[in-house]
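Chemist: Numbering (the numbering used here), first residue to last: 2 to 186.
Yeah, the Cβ is synthetic: ideal placement off N, Cα and C, and Gly gets one too.
Once you've had a glance at the structure underneath, I'll fire off some questions.
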Amino acid sequence: MLHLYTDRLRLVPLTLEQLKILSGGRNSLERSMGLILSDFVLNADDSFMEEFQLAIDTHCIPKVTENPDNYLWFTHWLIVHRSLDLTIGGIGVDGLPNESGEVMIGYYIDKKFEGQGLAAEALAGMIKWLFENESVKSIIADTQEDNLASQKVLRRNGFVFESRVDEGYRFRLRSEIEEPAALGI
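Structural data, given as structure tokens:
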């Protein structure tokens, strides 16, 4: 199974079976994977975790089921602190690149691990993997207007503000090698 490694982190793509366990509870998944049990707290309102649960049940599990050969593009990836063997966040994209070569990325980090550069490190690891696929031309991330920490993480990884969207702000990172047609040239 593919894992992505950075200096301090391991990004672990969940299999269909692991997604189903996660749907029943994070600690159940951590037990099944031999990880230290986390007491996960997010710097977000309760609706975030409700949306996360809904996304696992209505997006990730069905899409991974339908796309077993490309499940990495549809699954949830755990962010595991390597030296602590502890889940500290999650990251993932919403599917295969569209016809323009775009993917949307999202991530979150445990409140106890904020301000340590770990979200930026996890994002950098995922960006590297995404751009190894030549069909990925750009990565999009939306963040709330008041989520300055997430905006900082995006900027540290080279994302630039693109526009306002319903969710807040849209940022984009383009691959270094883009087709002239994609740039409007």
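Given G126, which residues of its chain have a CB within under 8 Å of its CB, disregarding the five upstream and five downstream residues?
Modeler: Here residue 126 corresponds to residue number 125 of the sequence shown, with the count starting at 1. Cβ neighbours of G126 beyond the five flanking positions: L5, Y6, T7, L10, L12.
Chemist: For G91, does the count of other Cβ atoms within 10 angstroms reach 16, so buried, or fall short, so exposed?
Modeler: In the sequence shown, the residue the question calls residue 91 occupies position 90. The residue in question, G91, is buried, as its Cβ has 16 or more Cβ neighbours within 10 Å.
Chemist: Nearest-angstrom Cα distance between F49 and I89?
Modeler: Here the question's residue 49 lines up with position 48 in the sequence shown. Here the question's residue 89 lines up with position 88 in the sequence shown. Cα to Cα, the separation comes out at about 16 Å.
Chemist: Let me make sure I understand the geometry here. Which of E115, M105, N148 has the alpha-carbon closest to that of L131?
Modeler: In the sequence shown, residue 131 corresponds to position 130, counting from 1. Among E115, M105, N148, the Cα nearest to that of L131 belongs to M105.
Chemist: Can you confirm whether the region 63-70 touches the region 22-37 when touching is taken to mean that 3 or more C-beta pairs between the two stretches lie within less than 8 Å?
Modeler: no
Chemist: Looking only at C-alpha atoms, which of F172, P14, L23, G159 sits nearest to F53?
Modeler: Sequence index remark: in the sequence shown, residue 53 carries index 52 (1-based). With distances taken between Cα atoms, F53 lies closest to L23.
Chemist: Give the secondary structure of L30 by DSSP, where H, G and I count as helix, E and B as strand, and everything else as coil.
Modeler: Position 29 of the sequence shown, counted from the first residue, corresponds to residue 30. L30 falls in the helix class under three-state DSSP.
Chemist: Measure from the alpha carbon of E135 to the alpha carbon of each residue in K112, L97, L155, then state which is nearest.
Modeler: Here residue 135 is taken as the residue at index 134 of the sequence shown, counted from 1. Checking every option, the nearest Cα to that of E135 belongs to L97.
Chemist: For the alpha helix (DSSP H) that V154 lies in, which residues bound it at each end?
Modeler: As a first step, residue 154 is located in the sequence shown; it is residue number 153 there, counting from the start. Where V154 is concerned, the enclosing alpha helix (DSSP H) stretches over 149-157.
Chemist: Any idea if I37 is buried or exposed, counting beta-carbon neighbours within 10 angstroms, 16 or more meaning buried?
Modeler: The residue given as residue 37 occupies position 36 in the sequence shown. I37 should be labelled exposed.
Chemist: Below 8 Å, is the gap between the Cβ of I110 and the nearest heavy atom of the ligand NAD?
Modeler: In the structure shown, the ligand NAD is absent, as is every other ligand, since no ligand is present at all.
Chemist: Within its chain, find whatever has a CB closer than 8 Å to the CB of N158; leave out the 5 residues flanking it on each side and keep chain order.
Modeler: Looking up residue 158 in the sequence shown gives position 157. Only A121, L124, A125, I128, L174 meet the Cβ criterion.
Chemist: Report yes if the CB atom of A56 is closer than 9 Å to the CB atom of Y109, and no otherwise.
Modeler: Stepping through the sequence shown from its first residue, residue 56 is reached at position 55. Stepping through the sequence shown from its first residue, residue 109 is reached at position 108. It is not a contact, given that the beta carbons lie outside the stated cut-off.
Chemist: Would you say P14 and H60 are within 9 Å of each other, going by their C-beta atoms?
Modeler: Position 13 of the sequence shown holds residue 14. Position 59 of the sequence shown holds residue 60. For P14 and H60, no; Cβs fall outside 9 Å.
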